[in-house]
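In order, the protein sequences belong to chains A and B.
Each residue of the first sequence is one higher than the last, beginning at 52 in my numbering.
Each residue of the second sequence is one higher than the last, beginning at 1048 in my numbering.
All C-beta atoms, glycine included, are put in the ideal place defined by N, C-alpha and C.
This structure is a prediction, so every number in the text was calculated from the model and none was measured.
Below is one structure, written out as structure tokens; comments come after it.
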Amino acid sequence: MIPSLARLVQGSVPTADLDDRDPDYIRDNLPGLWLLATIWHRAEVRGLEHIPEQGPVLLVGNHSGGNASPDTLIFTLAFSAWFGVERRFHQLAHNLVVSYPGIGAMLRRFGTVAASPENARRALRGGAAVLVYPGGDWEVSRPSWQSARIDFGGRRGFLRLALEEKVPVVPVVSIGGQETALFLSRGERLARLLRLDRAFRLKTLPISLAAPWGLNVGDLLSHIPLPAKITIQCLPAIDLEEWFGPNPNVDDVYESVVAQMQEALTRLAAERRFPLVG
Amino acid sequence: MRIELVTEIAAPREAVWGAIADPSQWPQLIHGITRFDHAGGPATGAGARFTMRMRVGSADVGGLIEMVEWDEQCDLAWTSVLGIGQRGRWRLRDAGPSRTTVTLRFAYQSPGLLGWVADRVAAPVVRRNLESGLEEVRRRALRRSVVPPPRRSRGARA
Chain A
52 MIPSLARLVQ GSVPTADLDD RDPDYIRDNL PGLWLLATIW HRAEVRGLEH
102 IPEQGPVLLV GNHSGGNASP DTLIFTLAFS AWFGVERRFH QLAHNLVVSY
152 PGIGAMLRRF GTVAASPENA RRALRGGAAV LVYPGGDWEV SRPSWQSARI
202 DFGGRRGFLR LALEEKVPVV PVVSIGGQET ALFLSRGERL ARLLRLDRAF
252 RLKTLPISLA APWGLNVGDL LSHIPLPAKI TIQCLPAIDL EEWFGPNPNV
302 DDVYESVVAQ MQEALTRLAA ERRFPLVG
Chain B
1048 MRIELVTEIA APREAVWGAI ADPSQWPQLI HGITRFDHAG GPATGAGARF
1098 TMRMRVGSAD VGGLIEMVEW DEQCDLAWTS VLGIGQRGRW RLRDAGPSRT
1148 TVTLRFAYQS PGLLGWVADR VAAPVVRRNL ESGLEEVRRR ALRRSVVPPP
1198 RRSRGARA
């Protein structure tokens, strides 16, 4: 059953048509995002001035909040309000997310495309800002008590992409998303047992306590995020060649970028006094 | 959503105009303005364009604005070209000898039903920011209107 379901999902993953992004649609929906961000999550986005004013840029974020990750929506609001909806901005998301009936179509109009190096490359070559979450499903499902930990699971593809395309990297660090539910386990063993990795590129099957389900296995129907305060900090842009020289060792660059992000995340965590409240 | 603030300042129009007629100073003038960069046209005057953002709630909202009226010591008005739909106006009128009535009008509109709600939720913050701007204009105009006393010569005695 799982292999046939996998074929069905793979078949429904839309090809990344970057032109699906619709600036008028985004403009019309910014007030709703603003209400969600301001009232529900009391969100704070800092350091947008570190993002180059124009041209392609790779925004690299840590991912939190399960399938109802508020970080992406809040950052999209902040980016679109700061630079204007006219500036091309794409977010890479898991195949399953862009394939969800209804939600997938909505996200594609916001500029979301299925995560793959090819899609990211096409967007960057088109001059867009591209938001990637290297940690993906691995990081987004980490237990809530690891909220202040950057965990890309060793995925370095985003750096190879930035080096090949010669685009600056802007780290985007956020905290609070992992408090929108009580994430208990990634459920890696369960995912392996069900062969989800092979079928859906899913290494995890997160287990959490989340509204309105109570015990939530897989988060496939998503959940209602608790009103945790979200803080997002953009760090200064990194010109990889300038910082690390031509043909740098990707492992060294990875360690350095992750260390910078971890330092910033630790600072953000130190600012928080209480879970949810911030 | 439309906000109008009116105040009277004990300073001549010229001094009040001097406090508002340099848009590059608006971030220092109005609380919450996080960005005000020249974006085309003349540096000041009708046709000058600026990228403007104000921190309201969780976002820096605004857009590209253009000065559409620049009537010295009388009216300064702008309207949005891109971004959130907005119009604004500083209006200066005489209120007696060396006194000026200053009106600051600001209207903005977000699209859709949620936009209608968001506009109303944002209004108290926007109003507070504009009120702070009007108070800062008062302080600056009063400073400008004070004529420094003539300096005493070295030999002069009280």
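Quick one: is residue i near chain B, going by C-beta distance under 8 Å?
i	result
Glu-95(A)	yes
Gly-83(A)	yes
Ala-261(A)	no
Gly-98(A)	no
Gly-135(A)	yes
Ala-129(A)	yes
Thr-89(A)	yes
Does the Cβ of residue i have 16 or more other Cβ atoms within 10 Å, making it buried, or fewer, making it exposed?
i	result
Ser-1105(B)	buried
Cys-285(A)	buried
Trp-1064(B)	buried
Glu-306(A)	exposed
Gln-1075(B)	exposed
Phe-205(A)	Per the sequence presented here, residue 205(A) reads as Gly, with Phe not at that position. Gly-205(A) comes out exposed.
Leu-266(A)	exposed
Arg-1118(B)	The sequence given here has Asp at residue 1118(B), not Arg. By the neighbour-count rule (16 or more Cβ atoms within 10 Å), Asp-1118(B) is not buried but exposed.
Asn-300(A)	exposed
Ala-180(A)	buried
Ala-1205(B)	Residue confidence for Ala-1205(B) is low, a pLDDT of 42 falling below 50, so the modelled location carries little weight and cannot support an answer.
Can you pull the chain B neighbours of residue i, defined as C-beta to C-beta under 7 Å?
i	result
Asp-79(A)	Pro-1158 and Gly-1159
Leu-86(A)	Leu-1161, Val-1164, Ala-1165 and Val-1168
Ala-132(A)	Ala-1106, Asp-1107 and Val-1108
Thr-317(A)	Those do not exist, as Thr-317(A) stays about 23 Å from chain B at its closest Cβ, beyond 7 Å.
Which residues in the same chain have their Cβ closer than 7 Å to the Cβ of residue i, if we skip the five residues on either side of it in sequence?
i	result
Val-309(A)	Ile-201 and Phe-203
Ile-1067(B)	Leu-1123, Trp-1137 and Val-1184
Glu-137(A)	Pro-74
Thr-317(A)	Ala-199
Thr-255(A)	Asp-188, Trp-189, Ser-192, Arg-237, Gly-238, Glu-239 and Ala-242
Pro-103(A)	Pro-219 and Ala-288
Asn-1176(B)	Ile-1077, His-1078, Gly-1079 and Met-1101
Does the beta carbon of residue i come closer than 8 Å to any beta carbon on chain A?
i	result
Val-1108(B)	yes
Gly-1130(B)	yes
Glu-1174(B)	Correcting the residue identity first, residue 1174(B) is Arg in this sequence and not Glu. Not closer than 8 Å to any Cβ of chain A, the Cβ of Arg-1174(B) fails to qualify, so no.
Gly-1100(B)	Checking the sequence shown, residue 1100(B) turns out to be Arg, not Gly. Yes, Arg-1100(B) counts as interfacial toward chain A.
Under 8 Å between beta-carbons, which chain B residues line up against residue i? List them in chain order, please.
i	result
Leu-277(A)	Those do not exist, as Leu-277(A) stays about 17 Å from chain B at its closest Cβ, beyond 8 Å.
Ile-125(A)	Ser-1105
Output needed for residue i: all residues of its chain with C-beta closer than 6 Å, excluding positions within five of it in sequence on either side, in chain order.
i	result
Met-1114(B)	Ala-1093, Ala-1095 and Trp-1125
Arg-1213(B)	The question about residue 1213(B) has no answer, for chain B in this structure spans 1048 to 1205.
Ile-1080(B)	Trp-1073, Pro-1074 and Met-1101
Gly-1088(B)	Gly-1094, Ala-1095 and Arg-1096
What are the residues that DSSP puts in a beta bridge with residue i?
i	result
Thr-282(A)	Glu-95(A) and Ile-226(A)
Ser-1127(B)	Ile-1112(B)
Ser-236(A)	Ile-258(A)
Arg-1152(B)	Glu-1051(B) and Arg-1136(B)
Trp-1117(B)	Leu-1123(B)
His-141(A)	Val-181(A)
Suppose the cutoff is 8 Å on Cβ atoms and the five residues either side in sequence are ignored; what does the same chain contact list for residue i look like?
i	result
Ser-1145(B)	Ala-1057, Ala-1058, Pro-1059 and Ser-1192
Pro-152(A)	none
Leu-327(A)	Glu-230, Leu-277, Pro-278, Ala-279 and Lys-280
Val-1172(B)	Gly-1079, Val-1103 and Gly-1104
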